[in-house]
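Novice: Take this structure first; my questions come after.
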Amino acid sequence: MIANLSTYESVTTEEVKVWFKAGPVHKFPKNGGACIKYKDKQIAVFNFTRQGQWYACQNLCPHKMEMVLSRGMIGEEDRQPKIACPLHKSTFSLKTGENLNGSLDAIATYPVKVEGETVYVGFME
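Quick note on full-length UniProt numbering: the sequence shown kicks off at 1 and runs consecutively.
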C-alpha cells in the first residue's frame with residue numbers, strides 16, 4: 001500500500017497540463033464528496049456548496065492507507081476548508097493538504113474547475 005501513497009503529488013493550477021472531465025455537477029453531492037478515478041489514482045472531489053467552492057484531493061488516507069477521504073465530512077476551521085477522515089477523524093486542509101490536527105503527512109490536492117455543468121480536475125500528466 002505504501003507504493004500507492006507515492007503516486008499522489010499536489011498540483012497547482014499553473015502546473016496543470018490535463019483537465020480531466022470528472023463528470024456532471026449533479027453527480028457530486030452538495031456539501032459532500034465523491035470519488036473519481038484518473039489513471040492509477042483515486043481522487044476525492046468535493047462540492048462545498050456552503051462556500052461556493054470545489055476541491056479535490058487524494059482519496060487515500062495517509063494514516064489508515066484506505067481509500068476513504070471522499071466519504072469524510074467537510075467543514076471549516078478558521079475559515080480553512082477541511083476534510084475529516086471517516087476512520088480516525090484526522091483533518092486535512094482542502095486547499096493545502098496540510099494535516100490540521102496531528103502530525104500526519106500532507107495529502108495531495110488538485111485544482112478543480114467547473115465549465116457549464118461539467119466538473120474538471122487538473123493533473124500534471
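The beta-carbon is built from N, C-alpha and C at its ideal position, and this holds for glycine as well. Note that this is a predicted model, so its numbers are computed, not measured.
In terms of residue numbering, what span does the beta strand (DSSP E) encompassing Lys113 cover?
Specialist: Taking the sequence shown and counting its residues from 1, one reaches residue 113 at position 113. Run containing Lys113: Val112 to Glu115, per the beta strand (DSSP E) assignment.
Novice: Name the DSSP bridge partner or partners of Ser93?
Specialist: Against the sequence shown, residue 93 aligns to sequence position 93. Note: Ser93 sits in a beta bridge opposite Lys82.
Novice: Strictly under 8 Å for the Cβ-Cβ distance: is Trp54 near chain C by that measure?
Specialist: Going by chain labels, chain C is absent from the structure shown, which holds only one protein chain.
Novice: Give me the Cβ distance between Leu94 and Cys61, rounded to the nearest whole Å; I'm assuming they're in contact under 8 Å.
Specialist: Locating residue 94 in the sequence shown gives position 94, where the first residue counts as 1. Locating residue 61 in the sequence shown gives position 61, where the first residue counts as 1. So it is not a contact: roughly 14 Å between Cβ atoms.
Novice: Let me know if Asn101 comes out buried or exposed under the rule of 16 or more other beta-carbons within 10 Å of its beta-carbon.
Specialist: By one-based count along the sequence shown, residue 101 stands at place 101. Exposed is the call here.
Novice: Taking a contact to mean a Cβ-Cβ separation below 8 Å, would you say Tyr55 touches Pro29 in this structure?
Specialist: Translated into positions along the sequence shown, residue 55 becomes position 55. Translated into positions along the sequence shown, residue 29 becomes position 29. No, the pair does not count as a contact, with Cβ atoms beyond the cut-off.
Novice: Roughly how many whole angstroms lie between the Cα atoms of Asp40 and Ser6?
Specialist: Counted from its first residue, the sequence shown places residue 40 at position 40. Counted from its first residue, the sequence shown places residue 6 at position 6. Cα to Cα, Asp40 sits roughly 11 Å from Ser6.
Novice: Can you pull the DSSP bridge partners for Ala56?
Specialist: Along the sequence shown, one-based indexing puts residue 56 at 56. Beta-bridge pairing links Ala56 to Val45 and Tyr110.
Novice: Quick one, which of Pro111, Thr91 and Val114 has its alpha-carbon nearest Ser103's?
Specialist: Indexing the sequence shown from 1 puts residue 103 at position 103. Per the Cα distances, Thr91.
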